[in-house]
Amino acid sequence: MGKTLQSMGKIPWIFLLAKIGSQENGTMYFLDDLEVYQLAQKFSERIWEIVDRWESFPKWRIGSQLTEAADSISSNIAEGYGRYFFKQQILFCLYARGSMMECRNWLLKSKRRRLITIDEYDSLMEELRDIHGKLNGYISKLKRNLRKGK
Numbered sequence: 329m330g331k332t333l334q335s336m337g338k339i340p341w342i343f344l345l346a347k348i349g350s351q352e353n354g355t356m357y358f359l360d361d362l363e364v365y366q367l368a369q370k371f372s373e374r375i376w377e378i379v380d381r382w383e384s385f386p387k388w389r390i391g392s393q394l395t396e397a398a399d400s401i402s403s404n405i406a407e408g409y410g411r412y413f414f415k416q417q418i419l420f421c422l423y424a425r426g427s428m429m430e431c432r433n434w435l436l437k438s439k440r441r442r443l444i445t446i447d448e449y450d451s452l453m454e455e456l457r458d459i460h461g462k463l464n465g466y467i468s469k470l471k472r473n474l475r476k477g478k
């Protein structure tokens with residue numbers, strides 16, 4: 329059997345970064361496999377599309393804050409996922425949860441200032457509730473793993 333880069337221990341670093349994952353019960357899981365991460369990515373793209381149609385002042389004043397908070401949810405999940413220790417992973421998930429609360433704040437302001445419709449507000453809040461539930465479940469799993477010493 330021929331030698332491969334992997335068998336020689338010479339895997340290109342960019343491949344390693346793209347395939348960072350964790351192993352559980354013999355199965356490899358990757359960041360993109362996390363449902364909460366997928367939902368957070370989808371949410372931030374939806375926020376971007378909505379804010380993109382706003383006039384310049386609200387886009388600058390509220391839109392930039394809202395998109396940063398929305399982007400921060402998936403970014404913190406990703407950064408935590410790349411950490412080795414469960415305590416660090418949990419901490420970044422808590423940062424993501426804080427960014428979710430910030431999104432709720434900016435969405436309420438957006439609704440009150442008639443930048444989004446009530447239907448958009450309700451739909452976005454439902455997405456956030458779903459992400460919140462999945463994120464809490466993920467945090468609980470990390471805490472169980474921490475207690476087990478995995």
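In the working numbering, the protein residues as written are 329 to 478.
Idealized CB from N, CA, C, for every residue including glycine.
Since we're looking at a predicted model, the values are computed, not measured.
Rounded to the nearest angstrom, the gap between the Cα atoms of I418 and T395 is 23 Å. The C-alpha of D450 lies about 34 Å from the C-alpha of F414. Within the DSSP bridge table, the entry for F385 names no partner.
Residue pairing by DSSP leaves F420 without any beta bridge partner.
For C431, the closest alpha carbon among the candidates L456, L443 and I444 is that of L456. Taking C-alpha positions only, H460 is separated from I446 by approximately 21 Å.
Judged by their CB atoms, K439 and V364 are not nearer to each other than the 7 Å cut-off. Our two residues, G408 and S402, have alpha carbons roughly 10 Å apart in a direct line.
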